[in-house]
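Undergrad:
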Amino acid sequence: MPDFERRSVVVTGATGNLGHVVVRAYLEAGAHVAAPVRDAAKGRALREAVGAHADDGASRLLVGEADLADRTSMDAFVERVLRTWGRLDVLANLAGGFGTGPADDIARIRALWEQNVATVVVPATACLVPMRARAYGRIVSVSAAAALKGGRNTAGYAMGKSAVVRWTEALAAETKDQGITVNAILPSSIDHPVNRANMPKADPKAWVQPEEAAALILFLTSTEASGITGASVPITGRT
Ligand SMILES: NC(=O)c1ccc[n+]([C@@H]2O[C@H](COP(=O)([O-])OP(=O)(O)OC[C@H]3O[C@@H](n4cnc5c(N)ncnc54)[C@H](OP(=O)(O)O)[C@@H]3O)[C@@H](O)[C@H]2O)c1
Numbered sequence: 001m002p003d004f005e006r007r008s009v010v011v012t013g014a015t016g017n018l019g020h021v022v023v024r025a026y027l028e029a030g031a032h033v034a035a036p037v038r039d040a041a042k043g044r045a046l047r048e049a050v051g052a053h054a055d056d057g058a059s060r061l062l063v064g065e066a067d068l069a070d071r072t073s074m075d076a077f078v079e080r081v082l083r084t085w086g087r088l089d090v091l092a093n094l095a096g097g098f099g100t101g102p103a104d105d106i107a108r109i110r111a112l113w114e115q116n117v118a119t120v121v122v123p124a125t126a127c128l129v130p131m132r133a134r135a136y137g138r139i140v141s142v143s144a145a146a147a148l149k150g151g152r153n154t155a156g157y158a159m160g161k162s163a164v165v166r167w168t169e170a171l172a173a174e175t176k177d178q179g180i181t182v183n184a185i186l187p188s189s190i191d192h193p194v195n196r197a198n199m200p201k202a203d204p205k206a207w208v209q210p211e212e213a214a215a216l217i218l219f220l221t222s223t224e225a226s227g228i229t230g231a232s233v234p235i236t237g238r239t
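Going by my numbering, the sequence shown opens with residue 1, and the numbers climb by one from there.
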C-alpha cells in the first residue's frame with residue numbers, strides 16, 4: 001500500500017458506497033482526509049463508520065458541509081483544510097451518479113452534467129490553487145466504463161462521464177510541468193447495494209469490488225505515480 005503519511009487528501013463523494021471504502025483506505029495509509037459533504041447526517045454516519053481508523057489522537061478526518069458545484073463554497077472548504085493541516089496534496093473526485101433518459105431530454109442531460117461534471121471540475125479548480133503554490137498535486141476522478149460508448153437512454157450519463165475523460169486530458173496537459181498529475185478511472189459496475197437490488201440475477205463477485213477501485217485510486221494519487229498523467233484507466237473486475 002502506498003504511504004500517505006503527512007499527505008492531506010480531499011475526497012468528494014465520501015458519503016457514498018465507494019467513498020466510505022476510499023476514505024478508510026486513505027486513513028489506513030496514514031493520510032489526513034477531508035470530506036466535503038452536502039448532507040450533514042451522512043457526514044456524521046461517515047465519521048462513525050470510519051471512526052476507528054481516524055481516532056489516533058489527532059483526528060485525521062475532517063468532514064464539512066460544502067457545495068461541490070459552487071466555487072465560493074469549495075474555496076471556503078479548501079481554506080478550512082489549509083487552516084487545519086497546512087497543505088493539500090490530493091483530490092479524489094468520487095462524487096457523481098447514474099441516471100437514464102433519452103438523448104433529446106435536455107433537462108435530464110443538464111442535471112446529469114451538473115452531477116457528474118460540475119462536481120468534478122469545480123473542486124479541482126479550488127484544489128489546484130494550493131497544489132500549484134507548492135508544485136505538488138495528485139487529482140483522480142471516477143468516470144465510468146460507460147464513458148466509452150453511448151447506448152439507449154445513457155446520453156446524459158455517458159456524456160458527463162466522457163467529458164470527465166477529455167477534461168482530465170486537457171488539465172493534465174496544462175499541469176504536466178507543475179508537479180501535478182491528473183488521471184481518471186473507468187469502472188464498470190461496482191459492487192453496490194443498489195446494483196445488487198437492480199440486477200438480482202448477476203454475480204456481484206464478478207463486479208469491481210470497492211476495495212479494488214480504492215487500491216487503483218490510491219496508487220494513481222501516490223507519490224510513486226509521478227509518471228502517469230492524462231490517463232483514463234479501465235477497471236472491470238471479472239466481467
Ligand atoms: N456504482 C457503480 O456501479 C459505478 C460504476 C461506474 C462509475 N461509478 C461512479 O463512481 C462514483 C462513486 O459511486 P458510488 O458507487 O459510490 O455511488 P453512491 O453510493 O451513489 O455515491 C455517490 C456519492 O456522490 C455524491 N454526490 C452525487 N451527486 C452529488 C452532487 N450533485 N453534489 C454533491 N455530491 C454528490 C453522493 O452524495 P450523497 O451521499 O449526499 O448523495 C455520494 O457521496 C460516482 O462518480 C459514480 O458515477 C459508479
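Built from N, CA and C at the ideal position, the CB exists for glycine as well.
Predicted model, so just to flag it, every value in this text is computed and none were measured.
Using 7 Å as the cut-off, classify the Cβ of S189 as near or not near the heavy atoms of ligand 2, replying yes or no.
TA: Absent from the structure shown: ligand 2. Ligands present: ligand 1.
Undergrad: What would DSSP say about I180, mapped onto helix, strand or coil?
TA: Start at 1 with the first residue of the sequence shown, and residue 180 comes out as number 180. Secondary structure at I180: strand, using DSSP grouped into helix, strand and coil.
Undergrad: Inspect the beta-carbon positions of P36 and T12 and report whether they are closer than 8 Å.
TA: As a first step, residue 36 is located in the sequence shown; it is residue number 36 there, counting from the start. As a first step, residue 12 is located in the sequence shown; it is residue number 12 there, counting from the start. Taking a C-beta distance under 8 Å as the contact criterion, P36 and T12 qualify as a contact pair.
Undergrad: Quick one: using the 10 Å Cβ neighbour count with 16 as the cut-off for buried, is G57 buried or exposed?
TA: Stepping through the sequence shown from its first residue, residue 57 is reached at position 57. The predicted model places G57 with a pLDDT of 40, which falls under 50 and marks its position as unreliable; any figure quoted below should be read in that light. By the 10 Å Cβ count, G57 comes out exposed.
Undergrad: Tell me which residue opens and which closes the beta strand (DSSP E) that N93 is part of.
TA: Locating residue 93 in the sequence shown gives position 93, counting from the first residue. Element bounds for N93: 90 to 93.
Undergrad: Just to confirm the assignment, what range does the alpha helix (DSSP H) spanning A155 have?
TA: To locate residue 155, count along the sequence shown from 1; it is residue 155. It spans 155 to 175 - the alpha helix (DSSP H) in which A155 sits, taken as one unbroken run.
Undergrad: Among residues of its own chain, excluding the 5 on either side of V81, which ones have a beta-carbon nearer than 7 Å to its beta-carbon?
TA: Looking up residue 81 in the sequence shown gives position 81. Its chain contains S8, V10, A34, L62, L88 as the residues whose beta carbon lies nearer than 7 Å to that of V81, once the 5 sequence neighbours on both sides are disregarded; these appear in chain order.
Undergrad: Straight-line CA distance for A126 to I139?
TA: Along the sequence shown, read from residue 1 onward, the residue named residue 126 stands at position 126. Along the sequence shown, read from residue 1 onward, the residue named residue 139 stands at position 139. The straight-line gap from Cα to Cα measures roughly 12 Å.
Undergrad: Can you look up G57 in the DSSP assignment and give me helix, strand or coil?
TA: As a working note, residue 57 is residue 57 in the sequence shown. At G57, the pLDDT of 40 sits below 50, so the modelled position is not reliable; the number obtained from the coordinates is stated separately. Residue state, collapsed to three classes: coil.
Undergrad: Grab me the residues of A31's own chain with a C-beta within less than 6 Å of its C-beta, minus the 5 sequence neighbours each way, in chain order.
TA: Start at 1 with the first residue of the sequence shown, and residue 31 comes out as number 31. Annotation for A31: F4, R7, V9 place their beta carbon closer than 6 Å to its own, counting only its chain and skipping 5 residues before and after.
Undergrad: Just checking my contact of L94 with L18 at CB under 8 Å: how many whole Å lie between their CB atoms?
TA: Within the sequence shown, numbered from 1, the residue matching residue 94 stands at position 94. Within the sequence shown, numbered from 1, the residue matching residue 18 stands at position 18. Going by Cβ atoms, the distance from L94 to L18 rounds to 6 Å, so yes, they are a contact pair.
Undergrad: For the alpha helix (DSSP H) that contains A14, what are its first and last residues?
TA: Residue mapping note: residue 14 aligns to position 14 of the sequence shown, counting from 1. Here A14 belongs to no alpha helix (DSSP H), and DSSP marks it neither H nor E.
Undergrad: Measuring alpha carbon to alpha carbon, tell me which of A206, G156, G179, A107 ends up nearest P130.
TA: The count along the sequence shown starts at 1 and reaches residue 130 at position 130. Distances from the CA of P130 to each of A206, G156, G179, A107 were compared; the closest alpha carbon is that of G179.
Undergrad: With a CB to CB cut of under 6 Å and the five nearest residues on each side skipped, what residues in its chain are close to R108?
TA: Here residue 108 refers to the residue found at position 108 when the sequence shown is read from its first residue. Its chain contains G101, G156 as the residues whose beta carbon lies nearer than 6 Å to that of R108, once the 5 sequence neighbours on both sides are disregarded; these appear in chain order.
Undergrad: Indicate the three-state DSSP secondary structure (helix, strand or coil) for A34 in the structure shown.
TA: Taking the sequence shown and counting its residues from 1, one reaches residue 34 at position 34. Three-state result, A34: strand.
Undergrad: Excluding the 5 residues flanking A213 on each side, which residues of the same chain have their C-beta closer than 7 Å to its C-beta?
TA: Your numbering for residue 213 matches position 213 in the sequence shown. So the list reads L18, I185, P187, I190, I235, once near-sequence residues are dropped.
Undergrad: Nearest CA to the CA of R60: which residue from A41, F77, D39, A29?
TA: One-based indexing of the sequence shown puts residue 60 at position 60. Comparing Cα positions, the closest option is A29.
Undergrad: Would you call R24 buried or exposed, if buried means 16 or more other Cβ atoms sit within 10 Å of its Cβ?
TA: For the purposes of this step, residue 24 is taken as the residue at position 24 of the sequence shown. Answer is buried; the Cβ neighbour count reaches 16.
Undergrad: Ligand 1 and H53: does the residue's C-beta get closer than 7 Å to at least one heavy atom of that ligand?
TA: Within the sequence shown, the letter at position 53 stands for residue 53. No, since every heavy atom of ligand 1 falls outside the 7 Å radius drawn around the Cβ of H53.
Undergrad: Using the rule of at least 16 other Cβ atoms within 10 Å of the residue's Cβ for burial, across every protein chain shown, is I106 buried or exposed?
TA: Locating residue 106 in the sequence shown gives position 106, where the first residue counts as 1. Using a 10 angstroms sphere on the CB of I106, the tally of other CB atoms stays under 16, which defines it as exposed.
Undergrad: Out of L216, E65, A76, F219, which has the shortest C-alpha to C-alpha gap to T15?
TA: Indexing the sequence shown from 1 puts residue 15 at position 15. Taking only the C-alpha atoms, the option nearest T15 is E65.
Undergrad: Kindly confirm or deny that the segment 135 to 151 and the segment 218 to 227 touch, where touching means at least three C-beta pairs closer than 8 Å.
TA: yes
Undergrad: Among residues of its own chain, excluding the 5 on either side of T259, which ones have a beta-carbon nearer than 7 Å to its beta-carbon?
TA: This structure cannot settle anything about residue 259, because the visible part of the chain is limited to 1 through 239.
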